[in-house]
Amino acid sequence: MTQQATSQPQTPQVHDGVSPRGWVPHPEGLEFEYLGIAEVPPVRTEYRWCWDHQRRVHARVSAHEIPDTVIYVEHDPVYTAGRRTRPQAYPFDGTPVVPVDRGGEITWHGPGQLVGYPIVFLQRGIGVVDYVRRVEESIIRLLAGYDLHAGRVPGRTGVWFPSDGTGPERKICAIGIRVSRQTAMHGFALNIDPQTTGFDNIIPCGIADADVTTMARELRRVHGPEARVPGLVEVARSLEPILTEMMAFRPYRMSPDIPRRSHPAFLHPID
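Residue 1 is where the sequence shown starts when you use full-length UniProt numbering, and the numbers rise one by one after that.
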């Protein structure tokens with residue numbers, strides 16, 4: 001799964017999520033499954049096999065046989081195309097693509113990227129948009145713990161860094177989900193330290209006027225070329241308590257959006 005704000009900072013919002021009458025906590029919390037990434041040496045997982053595994057877990061979570069479960073994985077290199085992907089967004093060189101049943105458009109997964117699949121039963125009153133915002137908020141809070149200040153861009157899904165005046169906004173985390181039987185699957189792809197050349201062959205998520213970035217790149221922007229870059233397991237462990245809190249579906253304080261800027265020089269034609 002490659003700032004200069006002129007507007008005043010926004011006041012953080014308190015997002016109600018679901019009314020107290022409709023809120024039911026998750027008594028068991030979340031389970032976390034590490035597929036290969038915690039092994040020594042780490043093992044990458046083929047996408048189609050993992051997709052089948054997701055469906056098996058989804059069936060059991062939606063039937064309330066097991067607790068909500070987050071699957072962590074690092075994939076072999078692969079392009080996946082969500083339901084909104086247009087033919088012109090496919091790889092320029094004809095590289096094969098796996099069509100999938102999530103929302104969103106085309107993206108790349110591969111080494112150095114932490115992919116998380118929260119298989120979560122959506123409590124009554126929780127809509128798809130609210131759920132996606134909670135996933136975004138989880139990643140924003142995770143990055144803040146590494147002194148990286150990311151946010152949302154209005155009208156665009158995922159987690160972003162603002163333009164710094166030398167280039168467009170930079171996406172660090174893509175999100176695409178599917179909800180079936182009131183249970184979410186698929187999830188997020190967080191770029192920790194991948195080779196971003198995989199994105200050069202597509203228009204990531206169908207957005208032509210933006211760039212792709214990684215934790216490694218942003219940490220070096222902030223702390224210099226010797227900045228320490230965390231591994232996938234460290235990041236996954238750090239994310240566990242944040243996801244657990246956000247997936248309890250309590251009200252939360254939403255991080256402000258980042259300012260939106262246009263950079264015509266960085267626009268690339270889609271057609």
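Here a beta-carbon is modelled for each residue, glycine too, at the ideal position from N, C-alpha and C.
Just so we're clear, the structure is a prediction, and the values are computed from it rather than from any experiment.
Backbone secondary structure at residue 138 - three-state DSSP: If you number the sequence shown from 1, residue 138 lands on position 138. It is helical.
Exposed unless 16 or more other CB atoms sit within 10 angstroms - verdict on residue 101: Within the sequence shown, residue 101 is the residue found at index 101, counting from 1. Classification of residue 101: exposed, given that the 10 Å Cβ count is below 16.
The region 144-153 / the region 59-77 touching (three or more Cβ pairs under 8 Å): no
Local conformation of residue 198 per DSSP, three classes: Position 198 of the sequence shown, counted from the first residue, corresponds to residue 198. Assignment of residue 198 by DSSP, reduced to helix, strand and coil, places it in the helix class.
Cβ separation of residue 79 and residue 186, assumed to be a contact under 8 Å, to the nearest whole Å: Counting from one through the sequence shown, the residue named residue 79 turns up at place 79. Counting from one through the sequence shown, the residue named residue 186 turns up at place 186. With 8 Å as the limit, residue 79 and residue 186 do not qualify as a contact, their Cβ atoms being about 15 Å apart.
Same chain only: Cβ atoms within 6 Å of residue 128, ignoring 5 sequence neighbours per side: For the purposes of this step, residue 128 is identified with residue 128 of the sequence shown, where counting begins at 1. 179.
Residue burial classification, residue 64 (beta-carbon count within 10 angstroms, cutoff 16): Counting from 1 along the sequence shown, the entry for residue 64 is found at position 64. Classification of residue 64: exposed, given that the 10 Å Cβ count is below 16.
Beta-ladder partner(s) of residue 212, from DSSP: For the purposes of this step, residue 212 is taken as the residue at position 212 of the sequence shown. Paired residues: 171.
Delimiting residues of the alpha helix (DSSP H) encompassing residue 59: Counting from 1 along the sequence shown, the entry for residue 59 is found at position 59. Element bounds for residue 59: 47-62.
Candidates 181, 197, 81 and 98, of which the one nearest residue 106 by Cα: If you number the sequence shown from 1, residue 106 lands on position 106. The shortest C-alpha separation from residue 106 is found at 81.
As assigned by DSSP and simplified to three states, the class of residue 252: Here the question's residue 252 lines up with position 252 in the sequence shown. If DSSP states are grouped into helix, strand and coil, residue 252 belongs with the strands.
Status (buried if at least 16 other CB within 10 Å, exposed otherwise) for residue 252: Position 252 of the sequence shown, counted from the start, is the residue given in the question as residue 252. Residue 252 should be labelled buried.
Uninterrupted beta strand (DSSP E) stretches inside the region 73-104 (no shorter than 3 residues): As far as the region 73-104 is concerned, its whole beta strand (DSSP E) runs of at least 3 residues are 78-81.
Residue environment, residue 164, which counts as buried when at least 16 other CB atoms sit within 10 Å: Position 164 of the sequence shown, counting from 1, holds the residue named residue 164. Residue 164 is exposed by the Cβ-count criterion.
Nearest-angstrom Cα separation, counted from residue 89 out to residue 206: Along the sequence shown, read from residue 1 onward, the residue named residue 206 stands at position 206. Along the sequence shown, read from residue 1 onward, the residue named residue 89 stands at position 89. Below a pLDDT of 50, predicted positions are generally treated as unreliable, and residue 206, at 49, falls in that range; no measurement from the model is reported.
Helix, strand or coil at residue 152 according to DSSP, with G and I counted as helix: On the sequence shown, position 152 is the one that residue 152 refers to. It is a strand residue.
Residue 219 versus residue 192: straight-line alpha-carbon distance, rounded: For this step, residue 219 is matched to residue 219 along the sequence shown. For this step, residue 192 is matched to residue 192 along the sequence shown. For residue 219 and residue 192, the distance between alpha carbons rounds to 10 Å.
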